Amino acid sequence: MPSTFSTDSSVCGHKTSITAKFKTANKLEVEIVSDCKIINDYAALIREIPLKEIGMLMAKNPIILKASEAHIHPNCLVPCGVALATWTEAELISKTLLLHHKSQCILFEGKTP
2 MPSTFSTDSS
12 VCGHKTSITA
22 KFKTANKLEV
32 EIVSDCKIIN
42 DYAALIREIP
52 LKEIGMLMAK
62 NPIILKASEA
72 HIHPNCLVPC
82 GVALATWTEA
92 ELISKTLLLH
102 HKSQCILFEG
112 KTP
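Mapped onto this note's numbering, the consecutive letters of the sequence shown carry residue numbers 2 to 114.
Here's what the structure looks like:
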């Protein structure tokens with residue numbers, strides 16, 4: 002069964018669905034559906050990813066490198082969503098654990114001027 006995640010950024014207002022599923026024994030297919038043009042450009046760059054590359058360090062990870070290539074903004078949650086989807090599909094993250102903790106959150110803790 003494919004692993005699907007969604008992002009909903011309150012900063013830009015865009016919503017994205019990310020699905021990872023095995024294409025072959027050692028390659029994942031990534032499907033991204035978004036209402037953001039930049040994310041759609043990114044989606045075209047990352048349709049497939051070798052299983053051995055999903056766990057690479059950030060500086061060498063194609064999920065991050067392709068995001069940079071597509072000029073994705075640093076505040077975008079989609080590359081993290083792609084990482085979570087691929088890791089979940091590869092069983093590096095437990096789906097049972099994710100069912101108990103369905104979302105993660107980044108909170109701004111600063112004070113307003």
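Ideal Cβ placement from N, Cα and C applies to all residues, glycine included. Just so it is clear, the structure is predicted and the values come from calculations on it, not from any experiment.
Assigned exposure category for residue i - 16 Cβ within 10 Å defines buried
i	result
residue 40	buried
residue 35	buried
residue 85	buried
As assigned by DSSP and simplified to three states, the class of residue i
i	result
residue 69	helix
residue 32	strand
residue 40	helix
residue 96	helix
residue 89	helix
residue 19	strand
Residue range of the beta strand (DSSP E) that includes residue i
i	result
residue 51	49-51
residue 8	4-9
When the options are compared against residue i, the one with the closest alpha-carbon
i	options	result
residue 25	46, 91, 111	91
Between the stretch 101-113 and the stretch 38-53, are three or more C-beta pairs nearer than 8 Å?
no
Contact between the stretch 75-92 and the stretch 4-20 (3+ Cβ pairs under 8 Å)
yes
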